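S.K.:
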Amino acid sequence: MIDETFENLLKLAEDEENAKKAELAAKGELPGEDVENAEGNNQEPEEDGPLKVEIRCVTPPDEEQQKAIATIMQEKYGASSVEIVIKNDPSAADGFNIFVGDDNYDWTTLGRIRQLRRSIQKLPKEKKINNIISLIKDDLKGFKLNLGFQQVGEVLTVGDGIAVIVGLKEVEYGEIVLFECGVKGMVQDIRTNGTTGVVLFGDASEIVEGQRVVRTGRTAGIPISNRILGRMIDPLGKPIDGGPDIGAKRYYPIERPAPGIIDRKSVCSPLETGILAIDSMFPIGRGQRELIIGDRQTGKTSVAIDTILNQKGKDVVCVYVAISQKASSVAKVVNILKKNGAMDYTVIVSSPASDSASLQYIAPYAGCAVAEYFMDHGRDTLIIYDDLSKHAVAYRTISLLLERAPGREAYPGDVFYLHSRLLERSAQLSDEKGGGSMTALPIVETQAGDVSAYIPTNIISITDGQIFLDNELFYSGQRPAVNVGLSVSRVGSAAQTNVMKKSVGTLRLDLAQYREMQVFSQFGSDLDDQTVIQLKYGAGLMQLLKQPNQSPLTLHEQVILLMCAREKMFLDIPQKEIPKVARELLDWFAKENGTLCLSIEHKKVYSDGLQKKVLKAAKQFFTERKKSE
Ligand SMILES: Nc1ncnc2c1ncn2[C@@H]1O[C@H](COP(=O)(O)OP(=O)(O)O)[C@@H](O)[C@H]1O
Ligand SMILES: [Mg+2]
1 MIDETFENLL
11 KLAEDEENAK
21 KAELAAKGEL
31 PGEDVENAEG
41 NNQEPEEDGP
51 LKVEIRCVTP
61 PDEEQQKAIA
71 TIMQEKYGAS
81 SVEIVIKNDP
91 SAADGFNIFV
101 GDDNYDWTTL
111 GRIRQLRRSI
121 QKLPKEKKIN
131 NIISLIKDDL
141 KGFKLNLGFQ
151 QVGEVLTVGD
161 GIAVIVGLKE
171 VEYGEIVLFE
181 CGVKGMVQDI
191 RTNGTTGVVL
201 FGDASEIVEG
211 QRVVRTGRTA
221 GIPISNRILG
231 RMIDPLGKPI
241 DGGPDIGAKR
251 YYPIERPAPG
261 IIDRKSVCSP
271 LETGILAIDS
281 MFPIGRGQRE
291 LIIGDRQTGK
301 TSVAIDTILN
311 QKGKDVVCVY
321 VAISQKASSV
331 AKVVNILKKN
341 GAMDYTVIVS
351 SPASDSASLQ
361 YIAPYAGCAV
371 AEYFMDHGRD
381 TLIIYDDLSK
391 HAVAYRTISL
401 LLERAPGREA
411 YPGDVFYLHS
421 RLLERSAQLS
431 DEKGGGSMTA
441 LPIVETQAGD
451 VSAYIPTNII
461 SITDGQIFLD
471 NELFYSGQRP
481 AVNVGLSVSR
491 VGSAAQTNVM
501 KKSVGTLRLD
511 LAQYREMQVF
521 SQFGSDLDDQ
531 TVIQLKYGAG
541 LMQLLKQPNQ
551 SPLTLHEQVI
561 LLMCAREKMF
571 LDIPQKEIPK
581 VARELLDWFA
591 KENGTLCLSI
601 EHKKVYSDGL
611 QKKVLKAAKQ
621 FFTERKKSE
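The following block contains the structure:
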């Protein structure tokens with residue numbers, strides 16, 4: 001509708017040059033009666049006063065021109081009378097710069113240059129050279145007054161990546177505004193006193209007090225197409241891997257409402273991490289949000305990266321969002337992905353620690369938009385936010401600079417909304433909506449294992465479960481350091497494959513029992529045989545769950561290990577050797593029982609016959625191994 005109105009205004013403007021404007025406006029035939037509601041037309045005429053029209057110029061308009069302007073404005077704002085104020089402004093040479101409230105009709109040479117610049121920027125790249133000349137020619141020949149107006153504001157103060165502007169009364173939350181120097185900003189704080197807080201994306205040093213700011217009427221978005229796969233971009237969508245432009249024609253808004261209930265279906269297919277401890281006990285379904293939480297250096301990033309590696313050949317698009325990380329850490333991740341051939345289906349959105357808080361703040365939303373693009377095209381996607389504690393800190397920084405009231409741990413009150421609106425965008429879409437999905441693995445870093453801090457508790461309550469990585473376990477050599485007691489997955493079991501679910505059996509319970517017994521047995525020395533076996537079995541399970549990073553296990557490998565473990569086949573193996581023997585067992589299976597492995601992988605259904613076959617083969621392996629010793 002805005003465009004329509006704009007078109008109408010342009011039409012109107014065509015005739016202005018011939019001094020017919022007054023006549024035309026007098027007819028009052030502005031097509032489309034609803035101009036009143038259009039953007040920028042909401043300057044309410046004051047009940048008991050004329051509409052104030054300020055004309056900034058060097059040479060004041062003559063009587064006739066003034067009358068024409070008055071008539072147009074009267075029409076446009078539905079005012080009963082108009083009061084024209086003429087101000088001398090050297091910058092408005094060769095024309096008039098007209099203000100009605102925040103609305104600015106720039107009829108000066110400078111304004112025309114701005115218009116010309118915009119039309120050049122809009123040209124497709126390859127056509128630019130050819131078109132520029134004709135465009136300039138046209139513009140000079142045409143030389144018509146363009147009625148186009150803009151709402152403009154002025155910079156009041158600037159500093160710390162935040163600008164406070166006055167004017168722009170109708171600007172919307174999250175809208176992108178453009179400063180005269182070319183820097184963009186996003187509206188983050190609309191205050192009752194008529195000022196607006198804007199976070200800046202770019203070099204604030206060029207912004208000075210009093211500089212012009214215009215609305216763009218758009219919220220932040222990133223250019224996107226399939227070509228984004230395998231690339232590394234910044235939160236504004238600009239490639240930062242030294243490669244060519246994405247060259248996308250479409251923009252995806254970085255903030256978008258989450259899919260509604262009707263557009264979703266329940267989580268139904270698994271997203272395998274390739275990590276035995278997770279896939280067996282805390283299965284993740286496509287569309288689920290599973291938090292990875294733990295202290296620093298407990299293998300959180302490793303779990304997430306392994307999950308990406310495990311998606312190879314599974315037609316899942318992965319997005320890794322690095323928030324406020326060292327550039328060297330991000331480079332390490334990229335190297336791992338490249339080395340394992342996982343970069344082809346992965347997009348990295350990086351906002352390193354050197355970025356401004358505002359860029360770090362929008363990074364996860366930008367990553368989410370990338371995943372959304374693929375989800376909307378019916379693809380399964382996986383997104384990793386590494387990590388949201390740093391994101392919350394970036395938001396806290398912005399909020400405090402915007403002088404918002406700090407609450408618990410100095411975070412502003414709306415910090416919960418920050419992450420809930422992000423994580424709610426993960427979904428398993430219904431078949432009518434294309435059946436795409438977005439699985440989210442947000443990461444949160446705790447301090448000294450304190451999960452009851454503000455941000456961890458918030459995010460735990462938003463997600464569908466958490467993988468808790470334990471410092472102590474990690475340093476005792478139990479890696480991945482999944483804490484079985486504190487981890488949980490609330491919806492994933494519905495999506496777990498039949499063969500996996502049946503093979504896991506009571507693994508979690510067995511481990512819980514083991515932990516309890518372990519504590520208990522520390523005090524007594526006389527243990528009955530049953531307890532000794534239980535302890536040995538539990539310790540063996542823990543050994544079996546050890547897994548080096550970058551070596552995800554396939555479904556059939558996990559199933560074979562679980563079936564053998566539950567049959568207590570590893571009981572006679574010395575604890576330390578279990579991980580090695582497990583690997584040998586799997587290699588032996590692949591060599592000697594390839595068809596059995598394939599049938600588990602493809603059928604994904606459990607049967608007693610299948611279990612018998614696996615156990616029979618495994619027995620053969622263990623006896624052969626014993627003999628060779
Ligand atoms: N399963 C594992 N086996 C062995 N080492 C691991 C494992 N997982 C992580 N690590 C190592 O632990 C270190 C910290 O891992 P990282 O994922 O960066 O932790 P975080 O993201 O929690 O800070 C890395 O050097 C990584 O190689
Ligand atoms: Mg990390």
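The opening position of the sequence shown corresponds to residue 1 in the numbering used here, with each subsequent residue numbered one higher. We treat Cβ as the ideally placed atom computed from N, Cα and C, and that holds for glycine. Computed from a prediction, not measured in an experiment: that's the story for all the values here.
#1: Identify which residue in Asn226, Pro257, Gly505 has its Cα closest to the Cα of Gly378.
#2: With 16 as the cutoff for other CB atoms within 10 Å, does Gln530 come out buried or exposed?
#3: Using a Cβ-Cβ distance cut-off of 8 Å, determine whether Val581 contacts chain D.
#4: Residues in the same chain with beta-carbon distance under 8 Å from Pro45, minus the five sequence neighbours each way, listed in chain order, please.
#5: With which residues is Gln151 paired in a DSSP beta bridge?
#6: Can you list, in chain order, the residues of its chain with a C-beta nearer than 8 Å to that of Asp431? Leave out the 5 residues immediately preceding and following it.
#7: Going by other Cβ atoms of all chains shown within 10 Å of its Cβ, with 16 needed for buried, is Ala565 buried or exposed?
#8: In whole angstroms, give me the CA-to-CA distance for Glu629 and Gln534.
#9: Closer than 8 Å is the cut-off here; do at least three beta carbon pairs connect the region 282-300 with the region 442-450?
#10: Under the three-state reduction of DSSP, which class applies to Ala406: helix, strand or coil?
#11: How about Lys631: is its Cβ closer than 7 Å to a heavy atom in ligand 2?
#12: So, at 8 Å on beta carbons, what are the nonlocal neighbours of Ala70 in its own chain, with the 5 sequence-adjacent residues on each side left out?
#13: Who are Ser437's beta bridge partners in DSSP?
#14: Tell me, please, which residues DSSP counts as bridged to Gln522.
#15: For the putative contact between His419 and Ile462, defined by C-beta atoms under 8 Å, what is the C-beta separation to the nearest angstrom?
#16: Closer than 7 Å to a non-hydrogen atom of ligand 2 - does that hold for the CB of Thr301?
#17: Quick one: what's Thr195 bridged to in DSSP?
#18: What are the start and end residues of the beta strand (DSSP E) that includes Gly217?
#19: If you measure from the CB of Asp234, is any heavy atom of ligand 2 nearer than 7 Å?
#20: What whole-angstrom Cβ distance do Ile560 and Val614 have, given they're in contact under 8 Å?
#21: Tell me where the beta strand (DSSP E) around Leu250 begins and ends.
#22: Which residue's Cα is closest to the Cα of Ser452: Arg408, Ser493, Leu429, Ala495?
#23: I'd like to confirm something about Glu424: is its beta-carbon nearer than 7 Å to some heavy atom of ligand 4, or not?
#24: Alpha carbon to alpha carbon, how far is Gly413 from Val267?
#25: Just to confirm the assignment: which complete alpha helix (DSSP H) runs, minimum length 4, are found wholly within the region 229-313?
#26: Buried or exposed for Ala410, going by 16 or more other Cβ atoms inside 10 Å?
#27: Can you tell me the Cα-Cα spacing of Val58 and Thr108, whole angstroms?
#28: Please indicate yes or no: does the CB of Gly101 lie closer than 7 Å to some heavy atom of ligand 1?
#29: Is Ser358 helix, strand or coil when you go by DSSP?
#30: Please confirm whether Leu276 and Thr216 have their CB atoms less than 8 Å apart.
#31: Ligand 1 and Asn471: does the residue's C-beta get closer than 7 Å to at least one heavy atom of that ligand?
#32: For Asn193, does the count of other Cβ atoms within 10 angstroms reach 16, so buried, or fall short, so exposed?
#33: If you draw a straight line from the C-alpha of Ile398 to the C-alpha of Ile162, how long is it?
#34: Return helix, strand or coil for Phe96, following the three-state DSSP convention.
#35: Which residues bound the alpha helix (DSSP H) around Tyr454?
M.R.: Reading from the atomic positions:
#1: Asn226
#2: exposed
#3: The structure shown contains no chain D; it is built from a single protein chain.
#4: Confidence at Pro45 is low in this model, with a pLDDT of 40, below 50, so the placement of that residue should be treated as unreliable; the coordinate-derived value is given next. Answer for Pro45: Leu51, Tyr77, Gly78, Ala79, Ser80, listed in chain order.
#5: Asp103
#6: Lys265
#7: buried
#8: 26 Å
#9: yes
#10: Note that residue 406 is Pro in the sequence shown, not Ala. Reduced to three states, the DSSP call for Pro406 is strand.
#11: With the chain covering only 1 through 629, there is no way to say anything about residue 631.
#12: Val53, Val82, Ile84
#13: Asp380, Gln428
#14: Answer is none; Gln522 lacks a bridge partner.
#15: 6 Å
#16: yes
#17: Val166
#18: 212-219
#19: no
#20: 6 Å
#21: Per the sequence presented here, residue 250 reads as Arg, with Leu not at that position. Residues 250-253.
#22: Arg408
#23: Absence of ligand 4 from the depicted structure is noted, with ligand 1 and ligand 2 being the only ligands included.
#24: 31 Å
#25: 276-281, 300-309
#26: exposed
#27: 10 Å
#28: no
#29: helix
#30: no
#31: no
#32: exposed
#33: 8 Å
#34: strand
#35: 454-462
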